[in-house]
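First comes the structure, then the notes that go with it.
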Amino acid sequence: MTPLAGYLLVAALLFAIGLAGALTRRNAILVLIGIELMLNAANLNLIAFWRYGPHPEALTGMMFAIFSIAVAAAEAAVGLGLVIAIHRHAHTTDLDQMNRMKG
Amino acid sequence: MFETADQIFVLLKHWLVGLLPMALQPVAGVVVSVAAIVCFFPALFALTTVFERKGLGRIQNRIGPNRTGPFGILQPVADGIKSLTKEDIVPLSADGAVHFLAPLVLVVTVFMGFAVLPMGRNMVLVDMDAGLLFYFAIGASTELSVFMAGWSSRNKYSLMGAMRAVAQMISYEVALLLSSVAVVMISGSLSLTKIVEAQNHYSFGLPHWYIFTPWGFAGFVMYAIATTAETNRSPFDLPEGESELVAGYHTEYSGFKFALFFLGEYLAMFSISGLGTTLFLGGWSAPFSFLTWVPSWFWFFSKLMLSIFVFIWLRGTLPRLRQDQLMNFAWKFVLPMCLLNLLVAGLWRFMGDGWLRWVICSAILVAAYVGLGWEEMRRMHIGARSYRYAE
Amino acid sequence: MSFAFYLVSALTVAGALAAVLLKNTVHCALALTVAFAGLALLFLQLDAQFAGFAQILVYIGAVAILVVFAILLTRGSETPKDGGIFSRTWLAGLAVAAAVFAMLGWAVLQSEPGLPRATPAPTVTVGEIGVALMGRYVLPLEIVALLLTAALIGAVIVAMHEKEGTK
């Protein structure tokens, strides 16, 4: 198995674990944790392909990963702000109980 | 002869590694350097605890410890024996694994920060291209251990102390990073060895340290404020203030774990002062060109001890800041000054040599300082001082 | 495949599993931090030092602390009253995740003969990254700056306490 395949399999596994977490947990924050895991798995994919790709001196993969890290941080901040605001309103973060559009 | 004195630790390491077989030599080199750091800095920590207690005592018009050994020199030995033999009490409802791991995470991450500091000519453990970024990345991880300590104790005071400490550390971390970015801009590299080499030049006998430039001086002041806040030292030590929060996030720690927290805090102080001397005070370069015969590591450690002395002095002199005053200060004064400092550093770089850039850069910084200071004071509605005497 | 790769991957996957399976939310956040650290080590093994240190600085130094603060502010460490930490539709979620992993794994293993073999390690200095950021990638840089400003202001406004009289 080539090194690249190894890294891609680890990234796929992390992505699947993140997806499972995002789809099965009740707490809204754990869904966000799952999403962060998925983003990290994608970053790993990008860096692995950059490293073993044809033109690593073009830095495309690394740039993409750095921008992805920055955007993920921004998205985590806004998402967690939203969770805090919702908790203040509904006094719960349980997703199974947030099944109505009416506030 | 002076060359040998300067490189004596490097030569010692090469001799020690040379005694071992060829196959083991790379690993042995790393192990020797790491062992040197792990043995030396805790010894310096022991010395600093005596220094601090005597110094604080003198500032507060008392003597400080003088029972154990002459001038209290053996006090750290007594403290060490005490903390090793004290009972390790863990509260029943505390979260066992996290409670155990918190001091370990702190000490490990703080030790990792020493890897990139150039302590003398050719005396850096790992000469990384992105050394400064590594240092700040590791420093950001220490906040997590503070939170772990406070949360795992299941104690309201610990949790409050931990949250205040983390909020304070995050706020001042931005100031720390921005004041260092000005240095990176001017020296053109994130590698700490290159930053020191950029400052190792002399003109008319005076060194080109960055603190002797307007933007460097302002940057150093902001950096000093930020480091005092990052290491939770007075006047920013509300998270561990004894009169407010018992002992803050390390309330529920006793015996050796408390000693580890103490060790971690002082080591963080050493490494961040070391970084400050590397960035602004010229690292291992001598203050005057006729003093370059003195070994480079002597200069580094004397500047480090000078910074520690200033920390102790500040602790004994200034009153503690309240949490909201501290956060206001960070976001409304230190951060705008740091951003302006970046601009001024850029102006400095592109204006070329001459007296004009000194005048303009100093004028901008002084005007900003006065302006921001006026804004803050005006908001505080400080009136004329009034006195009330006891009847 | 070196032993270091297997060790670090095992650490990362264990951290990720713990992050989605544990009952106590704060433990999940700390396990997530372990996963982030493992990923940073994987980046360092792939000779992407800048990305690795940026990962530690941003994810462990900021995102993990943000998650932990959010858990504390929403009392996430209390277990829900009507039992269970997994939602009612947990089986469907697990099936979807397993299907995704199966598909991705099949794609990787299928295309394995065509993947590049070990190539020499690229040496990337921070200077080159700086030149790339200010040259070829200056537009994404400015857009990310705008995005971060908007996210900062937005997060503050969303999470701010409303004034009492304006409800």
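Chains as they are written, first to last, in this note's numbering: chain A, 1254 to 1356; chain B, 61 to 451; chain C, 693 to 859.
A virtual CB, placed ideally from N, CA and C, is assigned to each residue, including glycine.
Let me know if residue i comes out buried or exposed under the rule of 16 or more other beta-carbons within 10 Å of its beta-carbon.
i                   : result
Ser-362 of chain B  : exposed
Cys-421 of chain B  : buried
Arg-448 of chain B  : exposed
Asp-148 of chain B  : exposed
Ile-835 of chain C  : exposed
Asp-297 of chain B  : buried
Phe-410 of chain B  : exposed
Pro-1256 of chain A : buried
Met-437 of chain B  : exposed
Trp-798 of chain C  : exposed
Thr-725 of chain C  : buried
Phe-194 of chain B  : buried
Tyr-270 of chain B  : buried
Gly-279 of chain B  : buried
Ile-845 of chain C  : exposed
Gln-802 of chain C  : exposed
Met-795 of chain C  : exposed
His-1308 of chain A : exposed
Met-397 of chain B  : buried
Could you give the distance in angstroms between the alpha-carbon of residue i and the alpha-carbon of residue j?
i                   : j                   : result
Val-419 of chain B  : Asp-413 of chain B  : 12 Å
Val-170 of chain B  : Gly-199 of chain B  : 7 Å
Asn-292 of chain B  : Ile-821 of chain C  : 34 Å
Trp-211 of chain B  : Ala-225 of chain B  : 12 Å
Glu-203 of chain B  : Leu-749 of chain C  : 11 Å
Leu-839 of chain C  : Gly-78 of chain B   : 55 Å
Gly-857 of chain C  : Leu-738 of chain C  : Confidence at Gly-857 of chain C is low in this model, with a pLDDT of 46, below 50, so the placement of that residue should be treated as unreliable; the coordinate-derived value is given next. Each residue's Cα considered, the two are about 56 Å apart.
Lys-859 of chain C  : Val-760 of chain C  : Bear in mind that a pLDDT of 43 at Lys-859 of chain C, under 50, signals an unreliable position, so the number given afterwards is only what the model happens to contain. In a straight line, the C-alpha of Lys-859 of chain C is about 30 Å away from that of Val-760 of chain C.
Val-818 of chain C  : Tyr-326 of chain B  : 31 Å
Glu-290 of chain B  : Val-1263 of chain A : 36 Å
Leu-407 of chain B  : Glu-233 of chain B  : 25 Å
Val-851 of chain C  : Ala-227 of chain B  : Sequence check: residue 851 of chain C is Ala here, not Val. Looking at the two C-alpha atoms, the distance is approximately 16 Å.
Val-241 of chain B  : Gly-276 of chain B  : 11 Å
Leu-351 of chain B  : Asn-121 of chain B  : 36 Å
Ala-222 of chain B  : Thr-1313 of chain A : 40 Å
Ser-93 of chain B   : Met-82 of chain B   : 17 Å
Gly-1334 of chain A : Met-208 of chain B  : 22 Å
Phe-360 of chain B  : Trp-344 of chain B  : 5 Å
Ala-1318 of chain A : Val-354 of chain B  : 46 Å
Met-1254 of chain A : Ala-810 of chain C  : 11 Å
Ala-157 of chain B  : Tyr-313 of chain B  : 14 Å
Thr-841 of chain C  : His-853 of chain C  : 20 Å
Lys-146 of chain B  : Ile-68 of chain B   : 40 Å
Phe-371 of chain B  : Thr-288 of chain B  : 7 Å
Ala-106 of chain B  : Ala-444 of chain B  : 46 Å
Leu-134 of chain B  : Leu-144 of chain B  : 16 Å
Met-179 of chain B  : Ala-1258 of chain A : 42 Å
If I'm right that residue i touches residue j with Cβ under 8 Å, what's the distance once you round it to whole angstroms?
i                   : j                   : result
Ser-213 of chain B  : Gly-265 of chain B  : Rounded, the Cβ-Cβ distance is 55 Å, inconsistent with contact.
Phe-340 of chain B  : Tyr-283 of chain B  : 7 Å
Ile-119 of chain B  : Gly-315 of chain B  : About 30 Å; that fails the 8 Å criterion.
Phe-742 of chain C  : Met-1315 of chain A : 7 Å
Val-404 of chain B  : Leu-425 of chain B  : 6 Å
Ile-849 of chain C  : Ile-230 of chain B  : At roughly 19 Å, the Cβ-Cβ gap does not stay under 8 Å, so Ile-849 of chain C and Ile-230 of chain B are not in contact.
Ile-1322 of chain A : Ile-763 of chain C  : Not really, about 22 Å apart at Cβ, beyond 8 Å.
Lys-73 of chain B   : Gly-89 of chain B   : 7 Å
Gly-132 of chain B  : Gly-124 of chain B  : 6 Å
query: If we count Cβ pairs, one from each stretch, closer than 8 Å, do we get three or more for the stretch 150-163 of chain B versus the stretch 333-343 of chain B?
result: no
task: Check whether the stretch 242-258 of chain B touches the stretch 316-325 of chain B, taking contact to mean three or more Cβ pairs, one atom from each stretch, closer than 8 Å.
output: No, the stretch 242-258 of chain B is not in contact with the stretch 316-325 of chain B.
message: Taking beta-carbon pairs under 8 Å, can you tell me which members of the stretch 221-244 of chain B lie near chain C?
response: Answer in chain order: Met-223, Val-226, Ile-230, Glu-233.
task: Identify each residue in the stretch 732-753 of chain C for which the Cβ-Cβ distance to at least one residue of chain B is less than 9 Å, and report them in chain order.
output: Ala-732, Gln-741, Phe-742, Gly-744, Phe-745, Ala-746, Gln-747, Ile-748, Leu-749, Val-750, Ile-752, Gly-753
query: When Cβ atoms are compared, which residues of the stretch 1275-1286 of chain A fall closer than 9 Å to chain C?
result: Ala-1275, Leu-1276, Thr-1277, Arg-1278, Arg-1279, Asn-1280, Ala-1281, Ile-1282, Leu-1283, Leu-1285, Ile-1286
message: To be precise: take each residue of the stretch 164-189 of chain B, compare its Cβ to all Cβ atoms of chain C, and keep it if any distance is under 9 Å. Which residues remain?
response: Against chain C - using a Cβ distance shorter than 9 Å - the residues of the stretch 164-189 of chain B are Met-188, Asp-189.
query: When you check each C-beta in the stretch 1285-1306 of chain A against every C-beta of chain C, which residues fall closer than 8 Å?
result: Leu-1285, Ile-1286, Gly-1287, Glu-1289, Leu-1290, Asn-1293, Asn-1296, Leu-1297, Ile-1300, Ala-1301, Trp-1303, Arg-1304, Tyr-1305, Gly-1306
message: I'd like to know if the stretch 781-789 of chain C and the stretch 1264-1278 of chain A are in contact, where contact means that at least 3 CB-CB pairs between them fall below 8 Å.
response: yes
- prompt: Of all the residues that make up the stretch 129-163 of chain B, which are near chain C by a beta-carbon distance shorter than 9 Å?
  reply: Asp-155, Ala-157, Val-158, Leu-161
task: Pair every Cβ in the stretch 63-74 of chain B with every Cβ in the stretch 1339-1347 of chain A, then say whether three or more of these pairs are closer than 8 Å.
output: no
task: Check whether the stretch 253-271 of chain B touches the stretch 373-388 of chain B, taking contact to mean three or more Cβ pairs, one atom from each stretch, closer than 8 Å.
output: no
- request: Could you tell me whether the stretch 1284-1302 of chain A touches the stretch 717-733 of chain C, where touching means 3 or more Cβ pairs closer than 8 Å?
  value: yes
- prompt: Just by C-beta distance, which residues in the stretch 814-833 of chain C are closer than 8 Å to chain B?
  reply: Thr-817, Val-818, Gly-819
query: What residues from the stretch 1316-1335 of chain A come within 8 Å of chain C, judged by C-beta to C-beta, listed N to C?
result: Met-1316, Ala-1318, Ile-1319, Phe-1320, Ile-1322, Ala-1323, Val-1324, Ala-1325, Ala-1326, Ala-1327, Glu-1328, Ala-1329, Ala-1330, Val-1331, Leu-1333, Gly-1334, Leu-1335
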